[in-house]
Amino acid sequence: MRPLNRSTANVSTEVRPLGADRRCGVAGAVALDPRTYGGTYKLIGGSPALDFANLVSYRGTPREHDWLDPAANASEWARAAGLDVAIGDVAMLRDVREVLARVFLAVADGAAPAAADVALVGELAADAWTRRRLVLSAGEPPARWSDRAATLLDELALDAAGLLTSAERLDRVTACDECRWVFLDATRNRSRRWCDPADCGNRSRQRRHYERRRGR
């Protein structure tokens with residue numbers, strides 16, 4: 001991974017309002033600009049860090065598509081994910097997205113994530129905590145930590161660190177059999193195989209049906 005660029009170039013300090021829900025008609029789908037890509041992005045991860053890692057479709061294949069191109073999609077993604085934060089440097093966010101993808105794909109495959117990647121998540125999360133604020137509370141105790149971090153990068157780092165330090169949640173991190181998007185499997189017997197049964201699940205069933213017919 002190339003070093004993270006912490007310069008202020010292309011950094012937005014604007015705090016984006018949540019505004020109206022702009023998800024499109026498909027459940028979980030988000031109206032990101034697809035450029036010429038024919039697919040759809042969906043919030044299926046169950047966690048901001050996992051959903052952000054999924055901002056590449058079919059990673060490492062000829063069908064690969066980067067959902068952070070155009071960069072304005074970062075703002076739309078944050079809005080759909082309910083994160084009312086400053087967006088920041090999208091180039092840095094792309095780097096962090098790839099770190100999150102490597103970490104959680106390794107976890108989903110039952111492997112240990114790279115120590116350098118985990119260390120970077122820890123560094124970013126520790127940095128994010130320095131920007132948390134103690135705010136007055138109406139009840140007891142009289143103060144609490146603010147619910148939101150300052151930037152999207154901070155939110156992602158804190159969420160990823162929370163996953164990595166929760167054995168129960170980490171054990172539920174799974175990768176879709178078809179597209180390799182990552183998600184938290186909330187089923188009782190941890191049997192979820194696809195990001196979306198109506199999309200990747202249907203595609204997988206159709207392919208198996210075709211292969212069976214060819215094998216006759």
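The opening position of the sequence shown corresponds to residue 1 in the UniProt record's numbering, with each subsequent residue numbered one higher. All C-beta atoms, glycine included, are put in the ideal place defined by N, C-alpha and C.
Item, Value
"If I follow the unbroken beta strand (DSSP E) through W145, where does it start and stop?", "143–145"
"What is the DSSP secondary structure of R57, counted as helix, strand or coil?", "Going by the sequence as given, residue 57 is Ser instead of Arg. Strand at S57."
"Nearest-angstrom Cα distance between P141 and R148?", "19 Å"
"In angstroms with no decimal places, state the Cα-to-Cα distance between R133 and D127.", "13 Å"
"Assign D66 to one of three DSSP states: helix, strand, or coil.", "strand"
"Looking only at its own chain, which residues have a Cβ that is under 6 Å from the Cβ of A101, when we skip the five neighbours before and after it?", "A53"
"According to DSSP, is R22 helix, strand or coil?", "Legend: pLDDT at R22 = 30, less than 50; position of this residue unreliable, no value from coordinates given."
"What distance in whole Å lies between the Cβ atoms of A161 and G122, which are believed to be in contact at a cut-off of 8 Å?", "6 Å"
"Roughly how many whole angstroms lie between the Cα atoms of L163 and D185?", "13 Å"
"Please state whether DSSP places L83 in a helix, a strand or coil.", "coil"
"Just to confirm my understanding: we take W181, look at its own chain, exclude 5 residues before and 5 after, and list those with CB closer than 6 Å. What are they?", "N54, C195"
"Which first and last residues belong to the beta strand (DSSP E) in which residue 217 is found?", "Outside the modelled stretch of the chain, which goes from 1 to 216, sits residue 217, for which no answer is possible."
"Beta carbon of R97: closer than 8 Å to some heavy atom of the ligand GDP?", "This structure does not include the ligand GDP; it has no bound ligands of any sort."
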